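Enquirer: Counted the way this note's numbering counts, the sequence shown spans residues -9 to 166. Take a look at the following structure, please.
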Amino acid sequence: MGYYIALILLPLLAILENSVLIDLQALYAPLYGQPSLVLVAIIAWSWHSELTEAIFWAFVGGIASDLLNPIVPVGVSVIAPLVMVFAVKTIERLFYQVSIFTLIAFVAVGTILHHVIIFITFSSQGIIVPLAEYIQSYSIVTLAFNILGIMPMYWVLRRIQKRIPQRQNPWAVTPR
């Protein structure tokens, strides 16, 4: 069921991120950052999902973001969410219980990683972007939006996840 939710929710978030939020940037004109709704949703969903479902979310969200973004080549926005999904699942297996501050740290690292990948992509294409200006007017603003937005996004997605019937592991022992 989480797969179907990804096919509906992530393209909607990508549309919102790449159309509506770009128009709202006029409110804070010298700064160009905006919330990365798709990245935040993928990290929030992967916190309590299976690995295969989280990987599916990363691919669908990344491709949806890239198809709607005229500047970034298709496939670039898949890398950071995919790395963060594997990092979340690794930390989940290493520790019994992780705090909500870990989720905030994952969003911060994912945002920074995403912006580093985009900057490297622009540099390899010959697009010259001053690094200091890119960090000041785009990366820091996006990082602040994402850190502030993870808690509401996590709360909403967790409520949805709790209502989805979970598939039972065929190897699980069930009491009779």
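Glycine is no exception: its CB is placed at the ideal position from the N, C-alpha and C atoms. All values derive from a computational prediction rather than experimental measurement.
(1) Identify the continuous alpha helix (DSSP H) that holds Gly52 and give its terminal residues.
(2) Consult DSSP for Pro1 and reduce its assignment to one of helix, strand or coil.
(3) Should Ala44 go down as buried or exposed, given a rule of 16 or more other Cβ atoms within 10 Å for buried?
(4) I'd like to check one pair, Phe135 with Pro25: are the Cβ atoms closer than 8 Å?
(5) Quick one: Cα of Ile33 to Cα of Leu93, how far?
(6) Which residue wins for smallest C-alpha separation from Val30, given the options Ser9, Gln15, Leu103?
(7) Considering only residues of the same chain and omitting the five flanking positions on each side of Pro60, which have a CB-CB separation below 7 Å?
(8) Give me, in chain order, the residues of the same chain whose beta-carbon lies closer than 8 Å to that of Leu147; leave out the 5 immediate sequence neighbours on both sides.
(9) Please look up how many angstroms separate the CB atoms of Ile108 and Val66, rounded, as I've assumed it's under 8 Å.
(10) Is DSSP giving Gln151 helix, strand or coil here?
(11) Are there 16 or more other CB atoms within 10 angstroms of the CB of Tyr144, so buried, or fewer, so exposed?
(12) Does the distance from the CB of Thr80 to the CB of His105 come in under 8 Å?
Expert: With the structure as the only source:
(1) Position 62 of the sequence shown, counted from the start, is the residue given in the question as residue 52. Its alpha helix (DSSP H) spans residues 41 to 58.
(2) For the purposes of this step, residue 1 is identified with residue 11 of the sequence shown, where counting begins at 1. Three-state result, Pro1: helix.
(3) Mapped onto the sequence shown, residue 44 falls at position 54. With 16 or more Cβ atoms within 10 Å of its Cβ, Ala44 is classed as buried.
(4) In the sequence shown, residue 25 corresponds to position 35, counting from 1. In the sequence shown, residue 135 corresponds to position 145, counting from 1. Yes, Cβ-Cβ distance for Pro25 and Phe135 is below 8 Å.
(5) The sequence position of residue 33 within the sequence shown is 43, counting from 1. The sequence position of residue 93 within the sequence shown is 103, counting from 1. Roughly 8 Å separates the two Cα atoms.
(6) For the purposes of this step, residue 30 is taken as the residue at position 40 of the sequence shown. The shortest C-alpha separation from Val30 is found at Leu103.
(7) Within the sequence shown, the letter at position 70 stands for residue 60. Result list for Pro60: empty, nothing under 7 Å.
(8) In the sequence shown, counting from the first residue as 1, residue 147 sits at position 157. These residues qualify, in order along the chain: Ala31, Ala34, Trp35.
(9) As a first step, residue 108 must be located in the sequence shown, where it is residue number 118. As a first step, residue 66 must be located in the sequence shown, where it is residue number 76. About 7 Å separates the two Cβ atoms, so the contact holds.
(10) Reading the sequence shown from its first residue, position 161 is the one you call residue 151. Residue state, collapsed to three classes: helix.
(11) As a first step, residue 144 must be located in the sequence shown, where it is residue number 154. Around the C-beta of Tyr144, 16 or more other C-beta atoms lie within 10 Å, and the residue is accordingly described as buried.
(12) For this step, residue 80 is matched to residue 90 along the sequence shown. For this step, residue 105 is matched to residue 115 along the sequence shown. Result no, Cβ atoms of Thr80 and His105 do not sit closer than 8 Å.
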